[in-house]
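Asks:
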Amino acid sequence: MNDTFNLQRFGFLFKKTIMERPLQLLGIMALSLIATLTIFSISVYLNHWKDAHVLSFAWGYVGGGIILSSVIFSYFNTNAGGAAYLTLPASSFEKWFCGVLISGVLFTVVFLLFFRLMDTMAIAIYHNNLDKTTADYKHLYNSANIFPFDDRQVQFDYYVFLNFAGASLLGSLYFNKANFIKTAMVIIALFAFMMGVNWLIARMFFSNVNSAFPYLSVGLQIGNEYRNINVSPEAEKRFTACLKYVVPVILWLTAYIRLREKEI
Amino acid sequence: MIRFDNLSFGYSRNKLLYRNLNLTIKNGSIYGLLGKNGAGKSTLLKNMAGTLFPVDGNITINGMQPQKRKPSFLSGIYYIPEDVYVPALTVRKYKNLFAPFYPQFNSDSFYQYLKELEVNVDSKLNRLSFGQQKKFVIAFALACNTPVLLMDEPTNGLDIPSKSQFRKLIASVMNDDRIILISTHQVRDLENMIDNIIIVDNGDILLHEPVGNITGKLCFKTVSEIPAGANVLYQERSLHGSAIVIENTKGEDSKLNLEHLFNGIVENPSLSKKIFETA
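Those protein sequences? They're chains A and B, same order as listed. Here the first sequence is numbered in our numbering, starting from 462 and rising by one per residue. Here the second sequence is numbered in our numbering, starting from 843 and rising by one per residue.
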């Protein structure tokens, strides 16, 4: 018996994970899509296409993904649930991979498909309803376009999703009860700590610090003048690469290690 | 076979519950793990199931280490915690989703056990009473036919007929390759069922003996007057005299009273140790 990964066993686990709590998992996915549609519809109604795309994508994808990641390992709410999950004959890798597949991959695919469908339909309806005889027809027509998934803003959302959904997944394995709130509090505390330490370090070098953003910039107020000192483009590139790739990998992999070492 | 080699466990490294514990549990026996509330019975079971890890030392179950939680290990062991977990599924759906993980699962036996335990198979599991849920999990665990079955307070929440049915079922599924370990503080529930007794208290194994040895070394009887010079492990006043547990120096036959044995061992560990070491 392969004790790390067996496709048939993984299939049983995947089916069991979805079918055991269909309301919870599919319900959260459905709610995310409904929230996306609602934000999108309101923004479109107000004729703000850019906002419709950016806001609905960010809230639906990032918000839904974070919530889904926080419940994927919610077996540990009770000792009995946790024990049943840990003693289920599947490897820790399979259990982790199943969680990642549902909260990371499956949710992303479902969301993107839904978003593209919603966007295409809304734009088609909008274009069809435009009066072709008006002078600003072309301008109005071009104001609504399909939101490209390689847009800079979407890419930013992907990275935010990877970081925060990863943190949420990891938090659910550290905190057995109210894991969502506790994880959020830890993240806020961590940010506050980083900002505070960064501020103190900046104050060691400059006497007139107005603002300081960790790793990236320091804002100085000299009389009425305000100036930003930024790190070099190379250093900024390294920092963003770290946020895009290194931190998410650390978070998602630590979740695996934590699951393997989990005791209840 | 389950082996504990110098096992130490504690919820904090500074305060160990078990220290250098050595214990061997052999196949083909039903073990009763007895102890007061908080004595460490559940902790021991959790270490065996791999949901808690030893601080030091080793546990091996049929040659495998529980803390690695390998599927090949987990498919050969079933652990029923004191509070059971059941999802919002029907019996049939639960079976379809969970049974494939256990290669030896027997569907016919499963429905037979459910029938014998009088579990309603048509309703959703989360709508059953606690006792019904517990009986469902017991039936499922027995049908999995795992070589090792660990049960933590399985009779908690069961009504009197179900306790009796539980005993019959356990006896019926026992074979020479299996180990069934039942932890309880309700010692009467295990009477006439177990063939080995382990008593734990404050992280110590106070007794680990086959039932046959116990009745060979101890005598359980009710007397009007305690025999002179007897090593009395336990005595309790009753309507008909005094129920006593004494050292069996004359080779008398008597019926094991688990409750009196338990009280005697826990209240008088030094004398019991002396009796079981020397007799």
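Cβ atoms here follow ideal geometry from the backbone N, Cα and C, with glycine treated the same way. Just so you know, these numbers come straight off a predicted model, no measurement behind them.
Within 10 angstroms of its Cβ, does B:THR997 collect 16 or more other Cβ (buried), or is it exposed?
Replies: Classification for B:THR997: buried.
Asks: Roughly how many angstroms lie between the CA atoms of A:PHE674 and A:ASN540, to the nearest whole one?
Replies: Looking at the two C-alpha atoms, the distance is approximately 42 Å.
Asks: Using a Cβ-Cβ distance cut-off of 8 Å, determine whether A:THR539 contacts chain E.
Replies: This model lacks chain E altogether, as its protein chains are A and B.
Asks: Is the beta carbon of B:TYR921 less than 8 Å from the beta carbon of A:THR548?
Replies: Yes; because the gap between Cβ atoms is below 8 Å, this pair is in contact.
Asks: Within the continuous alpha helix (DSSP H) that includes A:THR478, where are the two ends?
Replies: 468-481 is the span of the alpha helix (DSSP H), which, as asked, contains A:THR478.
Asks: Starting from B:PRO1003, follow the alpha helix (DSSP H) in both directions and report where the run begins and ends.
Replies: Its alpha helix (DSSP H) spans residues 1002-1015.
Asks: Is it the case that the Cβ atoms of B:ILE1036 and B:GLY874 are separated by a distance below 8 Å?
Replies: Yes, the pair counts as a contact, with Cβ atoms nearer than the cut-off.
Asks: As a quick exercise: from B:GLY899, B:GLN974, B:LEU887, B:THR893, pick the residue whose alpha carbon is nearest that of B:ARG861.
Replies: It is B:GLY899.
Asks: With DSSP as the reference, please indicate the residues paired to A:ARG577 in a beta bridge.
Replies: Partner(s): none; A:ARG577 has no beta bridge.
Asks: Taking the continuous alpha helix (DSSP H) assigned at A:CYS559, which residues delimit it?
Replies: Taken as a continuous stretch (DSSP letters only), the alpha helix (DSSP H) holding A:CYS559 covers 553-561.
Asks: Can we say the stretch 921-938 of chain B touches the stretch 895-910 of chain B, given the rule of at least three CB pairs closer than 8 Å?
Replies: Output reads no: the stretch 895-910 of chain B does not touch the stretch 921-938 of chain B.
Asks: Mind checking whether B:TYR1076 and B:GLU1033 have CB atoms under 8 Å apart?
Replies: Result no, Cβ atoms of B:TYR1076 and B:GLU1033 do not sit closer than 8 Å.
Asks: Output the distance between the C-alpha atoms of B:ALA1121 and B:VAL963, rounded to the nearest integer angstrom.
Replies: With a pLDDT of 45 at B:ALA1121, under the threshold of 50, the predicted position of this residue should be treated as unreliable, though the coordinate-derived value follows. The alpha-carbon atoms of B:ALA1121 and B:VAL963 are separated by roughly 52 Å.
Asks: Measure the CB-CB distance between B:ASN864 and B:ASN848 and report whether it falls below 8 Å.
Replies: Contact flag set, yes.
Asks: Are any of the Cβ atoms in chain B nearer than 8 Å to that of A:MET490?
Replies: No, because no Cβ of chain B sits closer than 8 Å to the Cβ of A:MET490.
Asks: Could you tell me if A:VAL566 is buried or exposed, where buried requires 16 or more neighbouring beta carbons within 10 angstroms of its beta carbon?
Replies: Counting Cβ neighbours within 10 Å, A:VAL566 comes out exposed, since fewer than 16 surround it.
Asks: Which runs of the beta strand (DSSP E), 3 residues or longer, sit entirely within the stretch 1047-1071 of chain B?
Replies: You should have 1060-1065.
Asks: Counting only Cβ pairs nearer than 7 Å, list the residues of chain A close to B:ARG911.
Replies: Those are LEU547, SER553, listed as they occur along chain A.
Asks: I need the straight-line Cα distance from A:LYS698 to A:VAL621, nearest angstrom please.
Replies: One C-alpha to the other measures close to 17 Å.
Asks: Counting only beta-carbon atoms, is B:ALA881 nearer than 8 Å to chain A?
Replies: It does not: the Cβ of B:ALA881 has no partner Cβ on chain A nearer than 8 Å.
Asks: DSSP state of B:PHE846, grouped into three classes?
Replies: In this structure, B:PHE846 counts as strand in the three-state DSSP scheme.
Asks: Assign B:GLU960 to one of two classes, buried (16 or more other C-beta atoms within 10 Å of its C-beta) or exposed (fewer than that).
Replies: Exposed, because fewer than 16 other Cβ atoms sit within 10 Å of the Cβ of B:GLU960.
Asks: Go ahead and pull the three-state DSSP assignment for A:LEU507.
Replies: A:LEU507 falls in the coil class under three-state DSSP.
Asks: Pull up the distance between the alpha-carbon of A:MET579 and that of A:ILE527, whole angstroms please.
Replies: Looking at the two C-alpha atoms, the distance is approximately 22 Å.
Asks: With 8 Å set as the bound, which would you pick, yes or no: does the beta-carbon of A:ASP464 sit closer than that to a beta-carbon of chain B?
Replies: Output row for A:ASP464: interface = yes.
Asks: Under 8 Å, do B:ILE1022 and B:LEU876 count as touching if we go by C-beta distance?
Replies: No, these two residues do not count as a Cβ contact at 8 Å.
Asks: Is the Cβ-Cβ distance between A:SER678 and A:ASN659 less than 8 Å?
Replies: Cβ distance not < 8 Å, so A:SER678 and A:ASN659 don't count as in contact.
Asks: Would you decide whether B:VAL1053 is buried or exposed? Buried here means 16 or more other CB atoms lie within 10 Å of its CB.
Replies: So B:VAL1053 counts as buried.
Asks: By alpha-carbon positions, which one of A:PHE568, A:GLY488, A:PRO609 ends up nearest to A:LEU510?
Replies: With the sequence shown as reference, residue 510 of chain A is identified as Trp, and Leu is not the correct amino acid for it. When only C-alpha atoms are compared, the closest one is A:PRO609.
Asks: Ignoring anything shorter than 4 residues, give me the alpha helix (DSSP H) runs that lie fully in the stretch 856-935 of chain B, in order along the chain.
Replies: The qualifying runs are 883-891, 913-916.
Asks: Which of helix, strand or coil does DSSP assign to A:PHE534?
Replies: In the structure shown, A:PHE534 sits in coil (DSSP, three-state: anything other than H, G, I, E or B).
Asks: When you compare only the Cα positions, how much space is there between A:ILE607 and A:LEU591?
Replies: So the alpha carbons of these two residues sit roughly 17 Å apart.
Asks: Mind checking whether A:ALA491 and A:PHE501 have CB atoms under 8 Å apart?
Replies: Their beta carbons are not under 8 Å apart, which means A:ALA491 does not touch A:PHE501 by this criterion.
Asks: Would you say A:ILE533 reaches chain B, if we count a Cβ-Cβ gap shorter than 8 Å as a contact?
Replies: A:ILE533 does not count as touching chain B.
Asks: Going by the DSSP bridge assignment, what does B:GLN1077 pair with across the sheet?
Replies: Per DSSP, B:ILE1086.
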